[in-house]
Every structure is written in C-alpha cells, then in structure tokens.
Amino acid sequence: MIAVLQEIESSYGYLPAWALRQVSEKLELPLTQVYGVASFYDAFHLTPRGKHLIRVCLGTACYLRGSTRILEALERELGIKDGETTPDLEFSIQSVRCLGACALSPVMIIDEFYFDKMTPTKINSVLKRIQEKNEN
Amino acid sequence: MKIRTNQVLVALRNSLLENKDPNKPCVRVCVSTGCRARGSLDVLEAFREEVMKQGSGIDVDIKQTGCHGFCERGPVVVIGPKEIFYQGVKPYDVPEVVSKTLHKGEVVDRLLYLDPATNQKVLCETEVPFYRMQTRRILANNGRIDPTNILDYITVGGYQALAKAITTMSCEKIIHTVEKSGLRGLGGGGFPTGRKWRSCREAEGDIRFVIGNGDEGDPGAFSDRSLMEANPHSILEGLIIGAYAIGAKQGYLYVRSEYPLALKHLQIAIDQAKEYGFLGDAIFGAEFDLDIDIIRGGGAFVCGESSALVASIEGKVGEPRTKYIHTVERGLWNKPTNLNNVKTWACIPLIVNNGADWYAKMGTEKCKGTAIFSLVGKVNNTGLIEVPMGTSLKQIIYDIGGGILEGKKFKAVQTGGPSGGCIPEELLDLPVDFDRLTEAGSMMGSGGMIVMDEATCMVDVARYFLDFLQYESCGKCVPCREGVKRMLEIITDITAGRAEKEKLELLQELAEMVKDFSLCGLGRTSPNTVLSTLKYFQDEYRAHVKDKKCTAGVCKDLIEYFILENKCTGCGACLKLCPQQAIRGRPKNPHTIDPSKCFRCGVCRDACPFEAIMVK
C-alpha cells in the first residue's frame, strides 16, 4: 500500500480524499487503515501543496547553527506557518529533520536548489530569485 | 554477460586491470549530495567540455564518484595518478586545471588544501590531516570508483568475496567466520552479527528474508547515505553473501525516500548485479537464487527499529511490537528475517576476503573493526570519517575535525542521534566503542557525532531532541507517547523561565520511568539526552530555573539583545532590517533596542558589521 500511496503523492503532490477511497476499494482494505498509513508517514500529505516546496533543515547540525531563525524569517516573509501553503499556492514550507548535507548547514532547499549557509537576511533575495525565475 | 564461475570473474578483473593504464590521468569528481549541492555536477560537466576543447594529445578518464568525506571543502576533485587533491573547485577553475595539471603535470596551488596547523599546502588526500588520522575500510573505495559502474567495483576486487563464499565456503563456515570476526551491528545496537545470522538460519520456517536497513533517520547522520550513494555494490555483495549463509531467497533494502540519489544508485547496482548473474538464479552455479527489491521508506524515524521497519514493508503503520519474539524468528510476514544496517552488510565482503582474524585485529577487546561517524556541528572539518574502534573522542574532534569553529571553547559532543547523550569535556579521552559510549550515558547509534561549543545551551539541546522524539513517537505505548510529551512540557517551561527547582526532580523521575518502561528502542533511549545533560550540565539547568538565565544566550525568553554604545556607529543596517521596528536611533548616533518590542530574532546581530549587538 505504501508504494501505491507514494505513486499517488508523486503524481498529485498530495493524497486527495477520493484517491484514498479508491485505494481502499481496489486493495480491499478498510479506509481507516489507508488513512492510518497516510497520516502516519511524513512522506504523505492530505492537503494540496504549493508550486514551490521550501524545505528548511532542522537537523541537529543545522539547528545548532541557527536554522530555526531561518524558518521563523521565512514564516514571517510568507505569512504562513511551517507545514502550510500560501493562499496563491505558490509556496509551501516544510521543515525536515536532516537532509544529510550537514557541511552546508544551515541549509534550505527550494524545489531542487540548495541554499547553503543560510541567514535570515538572505531569505528575501532567495525568494525574489525564485519568483523571477518563475516569471521568465 | 552472466558470470557463473570464479575463474570467469578473475579473468574479467585481470583484463580490466590490464587495459587500465596506471599512468593515465584520471579526474575524479565527487557528485555526492554534499558536493552536488555546491555545484559539483557543473564542475564535472566543465571538465568534460574543457578536455574536449583542449583535448589534443591527452587521454583522460573523467569519473563521477561518491562521497570523499571531506564535505566541508566540496566540491572535491582528485586527479590521478598523482592523487592531487583539489578542494572547493568551481567550474571557472576547470580550464586552468586542465591546461596546467592534465597537460603539463603542474599543480594549481590555490586549489590545494592549506593545513591550518602547519600553514603548508597539502598535495595529496592522504596527507590532509582530516584523512591521515583515519582508517578507511568500509569507505575505502568511496571516492575511487564510479558507483554507477559495476566494472569499477569489479576492478577493485568486487564480488570476489561472493565468489569465494559460494564456491569455497559452507554456510556454516561463513557464519562462523562472521562470528569469529567480532563484527557487531553498525546501525547502533551493536548486537553481534554472526549470532544474529545463526539464530535466523536456525529459526523454524520454510522462507527466510534478509533486509538491509538504510532508513537513516537520525538528524545529523549521513554515513549510510554516503555509503549507499558511493559504493552500493559493497552493500549488495554483503547482502547476497548473508542471504546465501542464512538461506534466504528474497532480500529487501529499506531506504529513506529523502535520499533520492542513494535510491537511484542502489537500483542501478541491483540491475547491473542481475545482468552479471550476481543476483537471480543459480548464483555462481550454486543452488542459490536471490532477488533484492528496494523499499522506499515513508519518512518515519521509528521505522529504523526492526519490527517497525518490517511492519512498514508489509504496508502497515510503522509501529514496533514487543520483542519477546525476535524478528530473526518471526519477522517479515512472520517468517525468519535477518535485518542489518547497510554498513554492517558492507563489512561482510571485507571479512570474507581477508578473514576473521584480520578484522578482529583492529579495535578494542569487545568491539572490533572500525566505526563510521558523520562529524558535524560546531567543528571545523565537517565530514564523514572512519576510525578504528577505540579511538578517543579528542582525537576525532581535534585531530580529524580540526577543533572547534571560530576558535570557540568546546562544551559537549552528542553521539547516537536523538537516542544518544551528551558527553562533556572531562570525558573527551573516552575511547569510542559501543560499550564505552553506553557507559557514559550515550550510544553509538547511527553514527552521528555532533560537536557543541560554548554558545550551545544544553537545556535547549535536550529540548530539541525531545521535540523531535515526541513528534516521531508512534504513539503505541503510554510511557513513550505521554512520558516524552510531559518531559518536553517541563523542559520547555525551563527554557522559558517558568519552572521552579522541583521540576528538575520530576524531570529526572519521568526520564527514568520512560527509560525503563517503553516498548521499543526509541522510547527506551529517548530520555538519554535529558539524563546525560542533567548529569553533566546540572549548572546550566540550575541557572535556568534559579537565576532565570541562559548562560549560552540561546533561550529566547531568558535573553535580551542590546547595543554596545561605544561600538555602534549608527550606520542603520540593523534598523532597516528589524522586522519589529524595535530599533531606534538617529544616523551616525548609537542606536538602542526596545526590549518590549524585540522578539529576539537576531537579524540585527547578523546585519551589524561592527559586532556592536550583544546578548545578555
């Protein structure tokens, strides 16, 4: 079932309710069990997510080098909390526990671009760069 | 081409070695996650283009490799045959490297590593202090081979242990060799691997499974990832030998989905191993069939625990179960299942090739071989290291790690991820192995080693790990689900200056209860950080509850930012950036911070070019 949910997640970016119902019917498993698995693992999301996924690493190495301040600055800048998506569906913020790139700490990833040795003051220019890329 | 006999494998290797000119220049670019994030793919591409452009008269191999370990200095490029070690290479450096080093054999001085101790430039990887003090066995081929090319692995002697095991050793002999070697599970538990294999082989059942655990969930650890990315065949080879010895026909590799490159390289390795007949039917002509599948983890820390991992493969919620029935007896789909960490599996070919005595020669009395750590935090040389068991913490942090960042004072080192504890300065001479770390109130864990300096608040560190653990607790047993949450509440109160002295006693009592009564390893080890910091850093806890002070200047509710009048030039950099408009002052006059408005984000301190903003 996990592999099936992973496929749906990668196609839609989240797990829509109707898809969970279908999984339950097709795999002949109770919906509660499907929901249980979908809500247990971090890899699954039950609400739609933004076009750009911003992941802020809160692993120990990043934490010690001040990654919570990066997250707070980002939350302030976008007006949303960790785990939420902007109303225009542009950005989602998700904190993660260790991306295994500790030499770059504090590290932040937008889509697949890494931003290393981040500081709260850099947030503005990084977001601008992403938006400019969008417009082009 | 399917390789069915040892002779064919040896012949293939010999022909590969014969065709390889040892004097031919070879550019090896690290494309592992760390260097890749710093743009090593562009460097690799630049080498390919530049060699084409300047190509006349030189024949060069350009190779992508896995993690060299020295992530701090990435992107790392090594140029053979002289093994010249270039660090921090950018695409614009490449034309010069090609024209000077490849064409003329000259060294580009500015890309060499400068040894801070001697102030001398260092030419080769082996001379860099970071590498010199290490003993690389499991990681030996990490920066040497192309992880996506099985022939590279065969050239360095790959799959010869598999051939030896199947064609010359009985299953009993393989298990005996692993037992004798003293190998213990490198995933953190330290359970003797040979004994585990024997129990699994002797357990009742018609079908058996072997599993490689690559669900490295510890924040601050990336050794499994680096190994899976850099040398996936070594893991496969060990897993195949184990499956043969135990009698399994199906194997699984459970890998974190946050590690896309590791997943990709492992899949390529499995496909290639099938192509060469190392997986599939009648491996090396024996009555032994094996298939290995990759399972992508769902992102739950608890799934590193064996019974939770098994539940996850079965498609269920990853909840552990009580351990009176071991997974070696009833694991995956209730069949005997042998689960080892990927690093443990990668040791197996080394032991089969070199013998149990060779392996047992290194290490301490009860812990043999080497240990792998990801050395991170407030240390100069962040990276992946491998040292003999029994190496002292001091050697690791100062000789290999190059000491503390920005010349600050060492405070503690945390090992074992969220399950581990913090070790203070007075125990720095502690030799590192499974038992000694446990005695000190920490553990080996998945190999994270996080260095903390004087600017780290130990109470806050304990709070950080509890926060992680209460989020990751699966919620099945009460001591862990409720106990960790309550501990987090208490410690949050302490960091916020809301707690009195009695709370420390309650915290201690609660921690001991959770340790004794939780169901699985996650719960039982969850209070380690709290207990070890309470033991070694009692003063800091007292300062928080009694004086309501955070001496390290971390806990937001207990600190205040202020501006040093004599240092402030009134440049206004902080004033412009303050999100709370808490800073006032006229241009060219010292500014002040209004503590009632300030919410202590620290943006001002980052922005101040004169270091005029302090914390009290």
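Protein sequence lines correspond, in order, to chains A and B. Those letters in the first sequence? Residues 67 to 202, by the working numbering. Those letters in the second sequence? Residues 3 to 618, by the working numbering. All residues carry an ideal CB built from backbone N, CA and C; glycine is no exception. Everything numeric in this text was worked out from a predicted model, so none of it was measured.
V110 (chain B) versus V79 (chain B): straight-line alpha-carbon distance, rounded: Your numbering for residue 110 (chain B) matches position 108 in the second sequence. Your numbering for residue 79 (chain B) matches position 77 in the second sequence. Between the alpha carbons of V110 (chain B) and V79 (chain B) lies a gap of roughly 12 Å.
Which residue's Cα is closest to the Cα of L137 (chain A): A:V162, A:P153, A:L95? Against the first sequence, residue 137 (chain A) aligns to sequence position 71. Closest option to L137 (chain A), Cα to Cα, is A:V162.
Report buried or exposed for R197 (chain A), applying the criterion of at least 16 other Cβ atoms within 10 angstroms of its Cβ. One-based indexing of the first sequence puts residue 197 (chain A) at position 131. The question names Arg, but residue 197 (chain A) is Gln in the sequence shown. Q197 (chain A) is exposed by the Cβ-count criterion.
Note the first and the last residue of the continuous alpha helix (DSSP H) segment covering Q72 (chain A). Position 6 of the first sequence, counted from the start, is the residue given in the question as residue 72 (chain A). Note, Q72 (chain A): alpha helix (DSSP H), 68-78.
Which ranges would you report for the beta strand (DSSP E) in the segment 112-140 of chain A if only whole runs of at least 3 residues count? Qualifying beta strand (DSSP E) stretches, in chain order: 118-123.
Segment contact, 8 Å Cβ cut-off, at least three pairs: the segment 199-209 of chain B with the segment 444-461 of chain B: Segments in contact, no.
Listed from N- to C-terminal order along the chain, which residues in the segment 592-613 of chain B have their beta-carbon within a distance smaller than 7 Å of any beta-carbon of chain A? Residues are counted here when their Cβ sits less than 7 Å from a Cβ of chain A; for the segment 592-613 of chain B these are C603, G604, V605, D608, A609, given in chain order.
Contact residues within the segment 62-87 of chain B, judged by C-beta distance below 7 Å to chain A: Going along the segment 62-87 of chain B in chain order, one finds C73, E74, G76 with a Cβ nearer than 7 Å to chain A.
Should K22 (chain B) be counted as a contact of the ligand PLP given a C-beta to heavy atom distance under 7 Å? The ligand PLP is absent from the structure shown, which contains no ligands of any kind.
Would you check if the distance between the CB atom of G299 (chain B) and the CB atom of Y256 (chain B) is smaller than 8 Å? Working through the second sequence from its first residue, we reach residue 299 (chain B) at position 297. Working through the second sequence from its first residue, we reach residue 256 (chain B) at position 254. Judged by beta-carbon spacing, Y256 (chain B) lies within the 8 Å limit of G299 (chain B), meaning their Cβ atoms are closer than that value.
Chain B contact residues for E138 (chain A), given Cβ-Cβ distances below 7 Å: The residue given as residue 138 (chain A) occupies position 72 in the first sequence. Within chain B, the residues whose beta carbon sits less than 7 Å from that of E138 (chain A) are C603, listed in sequence order.
Spatial neighbours of L81 (chain A) within its chain, please: CB distance less than 7 Å, with the 5 preceding and 5 following residues excluded, ordered by chain position. Position 15 of the first sequence holds residue 81 (chain A). Once the five neighbours on either side are set aside, the close Cβ partners of L81 (chain A) are L71, I74, E75, A104, F110, H111, L112.
Look up Q583 (chain B) in the DSSP assignment and say whether it is helix, strand or coil. Position 581 of the second sequence, counted from the start, is the residue given in the question as residue 583 (chain B). DSSP places Q583 (chain B) in the coil class of the three-state scheme, outside both helix and strand.
Minimum length 4: unbroken alpha helix (DSSP H) runs contained in the segment 498-582 of chain B: Within the segment 498-582 of chain B, the runs of alpha helix (DSSP H) that reach at least 4 residues and sit entirely inside it are, in chain order, 504-519, 523-527, 530-538, 540-544, 575-579.
Within 10 angstroms of its Cβ, does L155 (chain A) collect 16 or more other Cβ (buried), or is it exposed? One-based indexing of the first sequence puts residue 155 (chain A) at position 89. By the 10 Å Cβ count, L155 (chain A) comes out exposed.
Taking 8 Å as the cut-off, decide whether the C-beta atoms of G423 (chain B) and T531 (chain B) are in contact. By 1-based counting over the second sequence, the position of residue 423 (chain B) is 421. By 1-based counting over the second sequence, the position of residue 531 (chain B) is 529. Result yes, Cβ atoms of G423 (chain B) and T531 (chain B) sit closer than 8 Å.
So which residues of chain A does G378 (chain B) contact, with C-beta pairs closer than 8 Å? Along the second sequence, read from residue 1 onward, the residue named residue 378 (chain B) stands at position 376. Inspection of the sequence shows that residue 378 (chain B) is occupied by Val rather than by Gly. Correct list: T126, A127, C168, A169, S171.
So I237 (chain B) and G214 (chain B) are supposed to be a Cβ contact under 8 Å. How far apart are they, rounded? As a position in the second sequence, residue 237 (chain B) is number 235, starting the count at 1. As a position in the second sequence, residue 214 (chain B) is number 212, starting the count at 1. Between I237 (chain B) and G214 (chain B), the beta carbon gap of about 6 Å places them in contact (Cβ cut-off 8 Å).
Looking at the strands, I want to know which residues DSSP matches up with M174 (chain A). Walking along the first sequence from the start, residue 174 (chain A) turns up at place 108. M174 (chain A) pairs with A:V122, A:F181.
Beta carbon proximity, A85 (chain A) to chain B, threshold 8 Å: Against the first sequence, residue 85 (chain A) aligns to sequence position 19. Not an interface residue.
Since A302 (chain B) meets chain A, which of its residues come closer than 8 Å, beta carbon to beta carbon? Against the second sequence, residue 302 (chain B) aligns to sequence position 300. Those are F106, Y107, D108, listed as they occur along chain A.
Measure the beta-carbon distance from D435 (chain B) to G392 (chain B) and round it to whole angstroms, keeping in mind my assumption that it falls under 8 Å. Your numbering for residue 435 (chain B) matches position 433 in the second sequence. Your numbering for residue 392 (chain B) matches position 390 in the second sequence. Contact between D435 (chain B) and G392 (chain B) is confirmed by a C-beta separation of about 6 Å, below the 8 Å threshold.
May I ask you to list, following chain order, the residues of the segment 306-325 of chain B that have a beta carbon less than 8 Å from some beta carbon of chain A? Per Cβ criterion, the list reads S314, G317, K318, V319, G320.
Here's a check: name, in chain order, each residue in its chain whose Cβ is nearer than 8 Å to the Cβ of P152 (chain A), leaving out the five neighbours to either side. The residue labelled residue 152 (chain A) in the question sits at position 86 within the first sequence. The sequence shown places Thr at residue 152 (chain A), not Pro. Cβ within range, chain order: G116, L144, G145, I146, S158.
Where C606 (chain B) falls: helix, strand or coil (DSSP): As a first step, residue 606 (chain B) must be located in the second sequence, where it is residue number 604. Here C606 (chain B) carries a helix assignment [DSSP, helix/strand/coil].
If you follow the beta strand (DSSP E) that Q122 (chain B) is part of, which residue opens it and which one closes it? Residue mapping note: residue 122 (chain B) aligns to position 120 of the second sequence, counting from 1. Residues 122-124.
Leaving out five residues on either side along the sequence, give the residues of the same chain with a beta carbon under 7 Å from the beta carbon of T372 (chain B). Stepping through the second sequence from its first residue, residue 372 (chain B) is reached at position 370. The beta carbon of T372 (chain B) is closer than 7 Å to those of T137, R139, I140, M364, E388, V389, P390, M391 in its chain, skipping five residues each way along the sequence.
Going by DSSP in three states, Q136 (chain B) sits in which element: helix, strand or coil? The residue given as residue 136 (chain B) occupies position 134 in the second sequence. Coil, per DSSP.
Answer with buried or exposed for A83 (chain A), where buried requires no fewer than 16 other C-beta atoms within 10 angstroms of its C-beta. For the purposes of this step, residue 83 (chain A) is taken as residue 17 along the first sequence, with counting starting at 1. A83 (chain A) is exposed by the Cβ-count criterion.
Same chain, Cβ closer than 7 Å to C610 (chain B), neighbours up to 5 away in sequence not counted: For the purposes of this step, residue 610 (chain B) is taken as the residue at position 608 of the second sequence. The answer, listed in chain order, is A575, C576.
Using a cut-off of 7 Å between C-beta atoms, extract the partners of Y180 (chain A) located in chain B. In the first sequence, the residue the question calls residue 180 (chain A) occupies position 114. Scanning chain B for C-beta atoms nearer than 7 Å to the C-beta of Y180 (chain A) yields A39, reported in chain order.
Let me check understanding here. Comparing Cα to Cα, which of B:K325, B:L263, B:V547 lies closest to F224 (chain B)? To locate residue 224 (chain B), count along the second sequence from 1; it is residue 222. It is B:L263 whose Cα lies nearest to the Cα of F224 (chain B).
Contact between the segment 399-406 of chain B and the segment 464-473 of chain B (3+ Cβ pairs under 8 Å): Counting C-beta pairs with one atom in each stretch, the segment 399-406 of chain B and the segment 464-473 of chain B have fewer than three that are closer than 8 Å, which means they do not touch.
Starting from Q72 (chain A), find everything on chain B with Cβ-Cβ shorter than 9 Å and list it in chain order. In the first sequence, the residue the question calls residue 72 (chain A) occupies position 6. Neighbourhood of Q72 (chain A) in chain B, by CB distance below 9 Å: S259, R298, G300, in chain order.
Does any residue of chain A bring its CB to less than 8 Å from the CB of F224 (chain B)? In the second sequence, the residue the question calls residue 224 (chain B) occupies position 222. With 8 Å as the cut-off, F224 (chain B) counts as an interface residue toward chain A.
Identify the contact partners of I13 (chain A) in chain B, using a Cβ-Cβ distance below 7 Å as the criterion. In the structure as shown, chain A begins at 67 and stops at 202. Residue 13 (chain A) is therefore absent and cannot be evaluated.
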